[in-house]
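Numbered per the working numbering, the sequence shown spans residues 1 to 291.
Positions of the beta carbon are idealized from the N, C-alpha and C atoms, including for glycine.
Scroll down for the structure; my scribbles are underneath it.
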Amino acid sequence: MNYEQFMECVRTRVEEVLGGEARVTVYSVVKNNSVKLDGLTIMERENNISPTIYLNPYFEAFEHGMDMDKIVREILKVYTQCRPKQKFDTNYLKNYEKVKDRIVYRLVNYEKNRELLEQMPCIRFLDLAVIFYCMIAIGEEGAASVAVKSEYMKVWNITLPQIYEQAKRNTPKLLPYVLQTMLEVLGEFCDALDTTGALPMYVLTNQLKMNGAACILYPDALRECSQKMGSDLLILPSSIHEVILLPDDGSSNREELREMVDEINRTQLEVEEVLSAQVYRYERKTNRIIM
Numbered sequence: 001m002n003y004e005q006f007m008e009c010v011r012t013r014v015e016e017v018l019g020g021e022a023r024v025t026v027y028s029v030v031k032n033n034s035v036k037l038d039g040l041t042i043m044e045r046e047n048n049i050s051p052t053i054y055l056n057p058y059f060e061a062f063e064h065g066m067d068m069d070k071i072v073r074e075i076l077k078v079y080t081q082c083r084p085k086q087k088f089d090t091n092y093l094k095n096y097e098k099v100k101d102r103i104v105y106r107l108v109n110y111e112k113n114r115e116l117l118e119q120m121p122c123i124r125f126l127d128l129a130v131i132f133y134c135m136i137a138i139g140e141e142g143a144a145s146v147a148v149k150s151e152y153m154k155v156w157n158i159t160l161p162q163i164y165e166q167a168k169r170n171t172p173k174l175l176p177y178v179l180q181t182m183l184e185v186l187g188e189f190c191d192a193l194d195t196t197g198a199l200p201m202y203v204l205t206n207q208l209k210m211n212g213a214a215c216i217l218y219p220d221a222l223r224e225c226s227q228k229m230g231s232d233l234l235i236l237p238s239s240i241h242e243v244i245l246l247p248d249d250g251s252s253n254r255e256e257l258r259e260m261v262d263e264i265n266r267t268q269l270e271v272e273e274v275l276s277a278q279v280y281r282y283e284r285k286t287n288r289i290i291m
């Protein structure tokens, strides 16, 4: 069974299990860094939105011996856990006054997202792009959001500078930054750590630990860490979810750090989690980030 046959088989099996009470659809999605995935949605009669369940990893599991019945059960289990509890008012997104306080920004790699950025308002920032999302819901288990497309900007009748200013106000409030030492972060996974000779490194992210690299755009985040270290900062973009900060005191080799970031990108991250292979520098005096 090839991949296309697998997707159609999963779709029909899920539909059969639900007894015709829902419309099951498979469609292609372009994710961050131009990663193309295939998503399955289940639209029940009482709902008008559905979580997207990506089939690509299930096909890998199928090729490694997982039977179709178990795959269908797993997909239905995920759907049951994530299904919307009530209908979503789609007109909500058409009213800028209703959504403006929910608009936030994220950072993505500019070159790796050319196709995606053609459909979205964005602002160039170094080798990155600032893009915008509307937060539908935020909870302890995560968040639901909708990407702001160019068509929304036309409906809302707003400009790129306007939405950027709105996101600058909202993002630090809705997604406050969290600054921890690297030892504190590692301590969450290891009880005993030898701190002898450890570099003073900090991890900067947001409270959800999702798309937290955008915290480098917050007005106070880098300033606070810079004050703690008493120096300018080197910023390592470890993923779209967080960055690593360390003092720029002249003791670090920028090229070695760049090679380290590149290795992390290649060996430790999913393709869609990569932000950049560059190392940035934060200047205290000018409050600027440069490459």
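| Item | Value |
| --- | --- |
| Straight-line CA distance for lysine 209 to tyrosine 282? | 22 Å |
| Select from Glu15, Arg13 and Thr52 the residue whose C-alpha is nearest the C-alpha of serine 28. | Thr52 |
| Using the DSSP secondary-structure output, state which residues sit across from proline 247 in a beta bridge. | Leu233 |
| Do the stretch 9 to 23 and the stretch 72 to 81 make contact, defined as three or more Cβ pairs closer than 8 Å? | yes |
| Quick one: what does DSSP say threonine 286 is sitting in, helix, strand or coil? | coil |
| Return the chain-ordered list of same chain residues with a C-beta closer than 8 Å to the C-beta of isoleucine 123, the five sequence neighbours on each side being excluded. | Ala129, Val130, Leu160 and Tyr164 |
| How many Å lie between leucine 234 and tyrosine 280 at the Cα? | 6 Å |
| Are the CB atoms of threonine 181 and glutamate 242 nearer to each other than 8 Å? | no |
| Start and end of the alpha helix (DSSP H) containing alanine 167? | 160 to 174 |
| Between the Cα of glutamate 111 and the Cα atoms of Asn32, Cys134 and Glu97, which residue gives the shortest distance? | Asn32 |
| Who pairs with tyrosine 295 in a beta bridge, going by DSSP? | In the structure as shown, the chain begins at 1 and stops at 291. Residue 295 is therefore absent and cannot be evaluated. |
| Would DSSP call leucine 269 helix, strand or coil? | coil |
| Which same chain residues end up closer than 7 Å to serine 226 when comparing Cβ atoms and leaving out the 5 residues on each side of it in sequence? | Asp232, Leu233, Tyr282 and Arg284 |
| Kindly list the residues whose CB is nearer than 6 Å to the CB of isoleucine 290, restricted to its own chain and excluding five residues on each side of it in sequence; keep chain order. | Arg281 |
| Could you name the residues of the same chain whose beta carbon sits closer than 8 Å to that of valine 274, not counting the 5 residues immediately before and after it, in chain order? | Asn33, Asn109, Lys112, Ser239, Ile240 and Asn265 |
| Using 8 Å for Cβ pairs, my map puts alanine 22 next to glutamate 44. What's the rounded Cβ distance? | 5 Å |
| Which residue or residues does DSSP assign as beta-bridge partners of asparagine 206? | Tyr177 |
| Where does leucine 128 sit, in a helix, a strand or coil, going by DSSP? | strand |
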